[in-house]
Amino acid sequence: MTINSQAHSAVAHLFGRRGPPETGRQKEKMAIGWHRSQSLASAGLGLHVLLCSSLLLNAVFIAHQFLGASPPATPERLGDGLSWALQAAKEAEDVAAVDCSGHGSVFLDGVTGEDGRPGCECNSCFSGPDCSVRIPNCAADGQGGDPLFLEPYWKRHAAASAVVFSGWHRLSYITTDGHLKSVELDRQIRRLHRAVGNAVVDDKYLVFGTGSTHLINALVYALSPEGNAASPPASVVATVPYFAMYKSQTVMFDGREYRWDGTTAAWANNNSSRNPTRGFIEFVTSPNNPDSTLHEPILAGSSAIVDHAYYWPHLTHIPAPADEDVMLFTTSKLSGHAGSRFGYTRATEFPAACHLQARHVHNDTKADRYTPCRALRRWALVRDEKVASRAISYIEESTVGTSRETQLRVLKILKVILANLHGKEDIFAFGYDVMSSRWRRLNAVVSRSTRISLQKMPPQYCTYFNRIKEPSPAYAWVKCEWVEDDDCYETLLAAGINSLTGTVNEAGTRYTRLSLIKTQDDFDMLLERITEFVDAEKHGRAPAASSSM
């Protein structure tokens, strides 16, 4: 009898199935067989269990090693699956929660104290661990151009504007599809201009740079003739009062293809002295820095670089979309993120050479590594392909790429701005309310003075707001009217007001610039000092620095 038949008989016997009568010998054999079958069955079952256990353990090991089935013990995971981002988020939240009495802020990269945590960085004229102490006799700071008036807006939108990225974010030189810039950022910038209506973008190349200052000389270089003996250098000019960096950068770089050649007035009034073979590159700032007026090119036939850094609805009225051949924009005055150092210029479309395949970039040759379109941070809109290509090449050689972190942050900021246009949280409505209020209050005080005056700015129609809007300039352009006040900067400085002298703009010492775009503390101190200055006229005396607390 086989083991299976013996086992079958044993099982049948256990369940009461009856067969033919068995002899004693047969019963003995069946008993022995039954014990053997039980032993073999037990052994087989043990082997089966052991095999299954081994397979199960191996499956668990493989899943743990390769599929990441088990989350790490630390950091703690939230219900929505967050893990590694938690620590970064907690650090940012902890810093943002520190109370600096409303007169300062704490930053992740701030100087740490004995407790290992960064401390408060106080606004001008405030001090102390929590910035609660006002500094006596503090001079008002009206010199700088930090657009900190928008800081409260971004604190209100802390969640929407926050950016968290991994330690391995964009390690490569290249980004999407072999590009060296964010393709999505390019798209969002164009969306923003169309929505705001301040620039024509559909027929332009988009060139990024590290702030508008980075693009100033890049565009001068791009518009200049090729450097050779047959081509005289281009003459770089601007109209008074102009942004001082146009001259300082042109003089500093001292290229053989161009040179600083003074103001437009010298050439516009003396056409006979103009060399017909010499090209002119004219800087135009509109709205102008420092006087906030809208400007156009003066010299006929010049290659104009039109700086539209302030051409946004919170800082000026928008009569129509700008459509010059070369235009400059920057995020610093758009959103207040001056520290991110991002701006752009515009042309007609990007050359095909700007799109790189990854395999080209990986070739270790200079021709492949330094291809046009590598570096993009601030933005310019340029109509001519050759000019755009030369500007990109200049930026390529000077920076070899754009900060991916900056591009990511700007992308996030633009998405927040776009999502709130014409709504209750519109950044332009917020910024306009702040700036128009500041101008109205300052103008009300200065209008009582015979000693100083401000630029005249009537209300204008703005296509973005679809109504007449009051002035909201970034700067007050101050003129000292009294004969004895021949240096306006020194006159205000004696009254505890720091400003930017008009000599840097070639406007002369009678003029000086006051910044209105800094923190609310800065503006309040400026208005206090200006009020003291104007009130002192009634008593025929020059005000001393205030001792008010």
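For the sequence shown, UniProt numbering begins at 1 and goes up steadily by one.
Backbone N, C-alpha and C fix where the C-beta goes; we use that ideal spot for every residue, glycine too.
- For MET457, there is no enclosing alpha helix (DSSP H), as DSSP gives it neither H nor E.
- Leaving aside the five residues that flank MET245 on each side, the residues in its chain whose CB is nearer than 7 Å to its CB run, in chain order, THR213, ILE216.
- Bridge pairing for ASN498: ASP141 [DSSP].
- Residue burial is scored here from C-beta neighbours: GLN407 has at least 16 other C-beta atoms within 10 angstroms and is therefore classed as buried.
- The DSSP-derived three-state label of SER248 is helix.
- Scanning its chain for C-beta atoms nearer than 6 Å, with the 5 sequence neighbours on each side dropped, one finds around CYS138 the residues CYS125, in chain order.
- The stretch 439–446 makes no contact with the stretch 302–315, as fewer than three CB pairs between them are under 8 Å.
- In this chain, the beta strand (DSSP E) harbouring LEU328 covers 326–330.
- In the three-state DSSP reduction, SER127 falls in the strand class (E or B).
- Membership of GLY209 in any alpha helix (DSSP H) is not indicated; the residue belongs instead to the beta strand (DSSP E) covering 205–209.
- As a beta-bridge residue in DSSP terms, THR263 pairs with ALA238.
- Straight-line measurement puts the Cα of TRP267 at about 14 Å from the Cα of PHE283.
- DSSP places PRO136 outside both helix and strand once states are collapsed to three, so it counts as coil.
- Approximately 6 Å separates the beta-carbon atoms of LYS181 and THR402; this is inside 8 Å, confirming the contact.
- The alpha-carbon separation between CYS480 and ASN289 amounts to approximately 19 Å.
- Taking C-beta atoms as the reference points, VAL163 and LYS412 count as a pair closer than 8 Å.
- VAL220 counts as buried, since no fewer than 16 other beta carbons sit within 10 angstroms of its beta carbon.
- In the structure shown, GLU537 falls within a helical segment according to DSSP collapsed to helix, strand and coil.
- Setting aside the 5 residues that flank it on each side, ARG390 is surrounded in the same chain by ALA222, each with a C-beta closer than 6 Å to its C-beta; the list follows chain order.
- Rounded to the nearest whole angstrom, the C-alpha separation of PRO458 and GLU470 is 7 Å.
- Bounds of the beta strand (DSSP E) holding TRP477 are 475–480.
- Contact between the stretch 504–511 and the stretch 229–242 is present: three or more C-beta pairs spanning the two stretches fall below 8 Å.
- Here VAL106 has VAL95, VAL98, PRO118, CYS120 as same chain residues with Cβ atoms under 6 Å from its own Cβ, once five neighbours each way along the sequence are excluded.
- When beta bridges are read from the DSSP output, SER105 appears opposite GLU121.
- Note that the C-beta distance between LYS204 and LEU381 is below 8 Å.
- Collapsing the DSSP output to three states places GLU226 in coil.
- Judged by beta-carbon spacing, VAL483 lies beyond the 8 Å limit of HIS157, meaning their Cβ atoms are not closer than that value.
- With respect to GLY167, SER515 sits apart: the two C-beta atoms are not nearer than 8 Å.
- For a cut-off of 8 Å, the C-beta gap from HIS314 to TYR432 is around 4 Å, short enough to register as a contact.
- A residue is called buried once 16 or more other Cβ atoms fall within 10 Å of its Cβ, and MET435 is buried on that count.
- For SER161, the uninterrupted alpha helix (DSSP H) run begins and ends at 158–161, by DSSP.
- No Cβ-Cβ contact shorter than 8 Å links ASN466 with TYR311.
- Looking from the CA of ILE427, the closest CA among VAL133, GLU490, ALA88, PHE149 belongs to PHE149.
- Taking C-alpha positions only, ARG510 is separated from PRO319 by approximately 31 Å.
- The beta carbon of THR519 lies closer than 6 Å to those of ASN123, LEU148 in the same chain, with the five residues before and after it left out.
- According to the DSSP secondary-structure assignment, GLU405 is paired through a beta bridge with no residue.
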